[in-house]
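To get our numbering, take the position in the sequence shown, counting from 1, and add 20.
Beta carbons: idealized from backbone N, C-alpha and C, even for Gly.
Encoded as structure tokens, the structure appears first; notes follow it.
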Amino acid sequence: MMKTVCLVSLGCPKNLVDSEVILGILSNSGYSITTEPSQADILIANTCSFIEEATKEAIETILKLAHYKKAGRCKLLIVSGCLPQRYGRLLEKELPEVDLFVGTGAFQRLPKLISQKRRKKSFITASTFLYNDKTPRLLSTPPFTAYIKIAEGCSKSCTFCTVPKIKGPYQSRSLRSVINEAKRLADQGVKELILIAQDTTAYGEDLSDGTNLTKLLKNLTKIDPLHWIRILYSYPKIEYFNDELLEMIANDDKICPYIDIPIQHIDDRILRLMGRRSKEYEIRRLIERIKTFIPEVSLRTSLIVGFPGERDEEFNKLMDFLSEIRFDHVGVFKYSPEKETPAYRLHNHVEEDVKEERYRAIMELQREISFKKYQSMVGKRLEVLVERSEQGKAKIGRLKTQSPDIDGCVFLEGNASAGDFVIVEITKSLPYDLFGRIEI
């Protein structure tokens with residue numbers, strides 16, 4: 021019987037949690053886990069297929085893993101997640117190297133699918149699997165940090181987005197399920213808990229039992245071992261950010277003063293074409309409201325440039341807005357035309373070279389903004405979570421206002437162990453990173 025599994029996880033932290041669930045389920049079923057593809061009997065690519073770039077990365081990864089069926093000991097190559105969920109049985113012809121395709125609603129059945137004789141290659145269901153606190157999970161993050169997915173899917177109708185088609189409508193986990201999992205993670209040594217969903221601020225609105233993000237946070241802050249609680253992917257809808265939620269973020273030291281609100285654009289015409297539910301005046305009011313409640317807040321946003329019909333004046337308006345608001349962190353995507361989406365059928369698609377030019381312009385502007393913000397931190401004493409402290413390598417940590425993998429880091433001088441929270445004097449700044457000295 022094949023026993024050793026290696027999984028490659030692609031895409032965002034939401035996908036990473038699914039990968040950890042897959043590993044947990046297989047581990048509980050007697051499979052051993054390795055990080056070396058050459059040593060695995062079973063190779064799994066848990067894929068993202070949100071945009072064309074992610075699809076290409078997934079296919080390239082699958083073809084690389086297929087090599088181990090000849091050069092390694094792999095006997096079974098599995099593709100799971102968004103790619104098979106999106107393209108279904110079409111992949112069987114395009115990727116004959118793959119033995120098994122498992123969508124977002126069937127990966128929990130992998131132990132059975134692997135062990136049984138299969139008459140078909142693809143297992144795609146209409147609904148997405150929503151894990152709970154009893155679902156096995158094997159963390160792949162550092163032992164002191166973990167993501168926790170509080171909901172699955174999306175019920176909004178952004179015209180550029182494939183997520184509702186791939187993942188289905190929004191489904192919140194029960195409050196008890198999330199709290200129980202958080203307690204278990206804390207007991208395992210997790211000190212930083214990062215809440216994720218396609219829209220974290222919509223948490224609970226499908227349950228009709230009073231569950232919401234504020235209620236969840238109140239319970240999570242009572243879990244003593246947790247030191248930082250971070251919230252990602254919050255839809256910029258002003259109704260979601262009521263006084264109670266903002267006061268809690270402002271006043272509870274465990275909740276990071278870090279709000280991620282992907283606005284995508286600021287021009288009302290483009291927002292309307294995108295199917296967004298916020299207008300410029302609402303976005304401005306929301307940001308002003310957040311900053312009033314939380315003066316030291318760190319704001320992250322995501323933007324799309326080159327959306328169909330975006331003219332120079334609308335892009336320049338976005339640039340002016342960024343210069344005015346001065347977000348701490350900005351992620352920029354070039355619009356990707358996805359055939360299943362309404363935006364694909366819009367007129368006046370923007371040329372690729374124009375998209376690239378606009379992307380570079382925003383990144384350069386944000387580089388200048390970020391550098392000035394980081395320069396203002398030099399000389400300050402700030403709390404840092406030490407992420408890496410290996411002999412012979414640079415010590416690295418993060419501030420409360422830096423999310424892992426996307427927001428830069430702090431290079432550290434001094435003695436500390438990974439997982440420690442230390443006070444650091446910031447000594448130097450770069451555009452996206454800092455240097456600091458650990459206080460004894």
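Inter-residue Cα distance where the pair is residue i and residue j
i, j, result
"Phe225", "Ala86", "Reading the sequence as shown, one finds Glu at residue 225 and not Phe. Cα-Cα distance, rounded: 43 Å."
"Leu342", "Ile307", "12 Å"
"Gln128", "Leu115", "23 Å"
"Leu335", "Ser39", "For the record, residue 335 in the displayed sequence is Phe; it is not Leu. The alpha-carbon atoms of Phe335 and Ser39 are separated by roughly 37 Å."
"Lys76", "Lys242", "43 Å"
"Ala74", "Ile460", "44 Å"
"Arg296", "Thr81", "33 Å"
"Leu30", "Tyr151", "19 Å"
"Asp287", "Phe70", "24 Å"
"Lys203", "Leu195", "12 Å"
"Leu159", "Ala166", "7 Å"
"Gly101", "Asn35", "8 Å"
"Asp244", "Arg305", "35 Å"
"Tyr301", "Tyr190", "27 Å"
"Asp272", "Phe261", "16 Å"
"Thr221", "Leu233", "6 Å"
"Ser322", "Gln386", "12 Å"
"Ile303", "Lys337", "14 Å"
"Asp263", "Ile275", "15 Å"
"Gly412", "Pro163", "21 Å"
"Glu377", "Val370", "11 Å"
"Phe347", "Ile249", "21 Å"
"Thr54", "Leu46", "12 Å"
"Tyr379", "Tyr355", "10 Å"
"Leu185", "Val99", "The sequence shown places Lys at residue 185, not Leu. Cα to Cα, Lys185 sits roughly 19 Å from Val99."
"Tyr7", "Gly230", "As shown, the chain starts at 21 and ends at 460. That puts residue 7 outside it, with no answer to give."
"Leu103", "Ile42", "16 Å"
"Arg138", "Pro156", "25 Å"
"Asn48", "Met268", "38 Å"
Inter-residue CB distance, residue i and residue j (contact presumed, cutoff 8 Å)
i, j, result
"Leu266", "Ile310", "7 Å"
"His247", "Glu212", "7 Å"
"Ile170", "Val198", "5 Å"
"Tyr278", "Ser228", "With a Cβ gap of about 29 Å, Tyr278 and Ser228 do not count as contacting."
"Val28", "Ala65", "5 Å"
"Ile290", "Pro256", "About 14 Å separates the two Cβ atoms, so there is no contact after all."
"Gln105", "Gly123", "4 Å"
"Leu97", "Leu63", "5 Å"
"Ile324", "Asp280", "With 8 Å as the limit, Ile324 and Asp280 do not qualify as a contact, their Cβ atoms being about 16 Å apart."
"Gly8", "Ile446", "Nothing can be reported for residue 8: it is not among the residues displayed for the chain, which extend from 21 to 460."
"Arg68", "Thr361", "According to the sequence shown, residue 68 is Cys rather than Arg. No, Cys68 and Thr361 are not in contact; Cβ-Cβ is about 16 Å, not under 8 Å."
"Leu111", "Phe121", "6 Å"
"Gly434", "Ile458", "3 Å"
"Phe149", "Gly125", "5 Å"
"Leu432", "Met397", "That belief does not hold up - the Cβ atoms of Leu432 and Met397 are roughly 14 Å apart, past 8 Å."
Burial state of residue i, where buried means 16 or more other Cβ atoms lie within 10 Å
i, result
"His285", "buried"
"Gln218", "buried"
"Arg236", "The sequence given here places Leu at residue 236; Arg does not occur at that position. Leu236 is buried by the Cβ-count criterion."
"Gln208", "exposed"
"Lys415", "buried"
"Pro315", "exposed"
"Lys23", "exposed"
"Lys84", "exposed"
"Ser298", "buried"
"Gln422", "buried"
"Ala146", "exposed"
"Met383", "exposed"
"Ser254", "buried"
"Pro33", "buried"
"Gly50", "exposed"
"Ile426", "exposed"
"Gly417", "buried"
"Arg193", "buried"
"Arg408", "exposed"
"Gly456", "buried"
"Ser437", "exposed"
"Glu358", "buried"
"Ser52", "exposed"
Length at least 4, wholly inside the stretch 245-282: the alpha helix (DSSP H) runs in chain order: As far as the stretch 245-282 is concerned, its whole alpha helix (DSSP H) runs of at least 4 residues are 263-271.
The stretch 90-101 contacting the stretch 52-61, beta-carbon criterion three pairs below 8 Å: The answer is yes - the stretch 52-61 touches the stretch 90-101, with three or more Cβ pairs under 8 Å.
Those runs of the beta strand (DSSP E) which lie wholly inside the stretch 81-125 and span at least 3 residues: 96-101, 120-122
Validate contact between the stretch 351-364 and the stretch 156-175 using beta carbons, cut 8 Å, 3 pairs: no
3 or more residues per run - each beta strand (DSSP E) lying fully within the stretch 137-183: 165-169
Touching by the beta-carbon criterion (3+ pairs, under 8 Å), the stretch 439-454 and the stretch 394-412: yes
Segment contact flag, the stretch 353-373 with the stretch 324-338, C-beta cutoff 8 Å, min 3 pairs: yes
Complete runs of the beta strand (DSSP E) confined to the stretch 287-331 [at least 3 residues]: 318-325
Cβ pair count under 8 Å reaching 3, the stretch 388-398 against the stretch 450-460: yes
Runs of beta strand (DSSP E) lying entirely within the stretch 352-415, each at least 3 residues, in chain order: 401-408
Secondary structure, beta strand (DSSP E): runs of 3+ residues fully inside the stretch 197-226: 212-216
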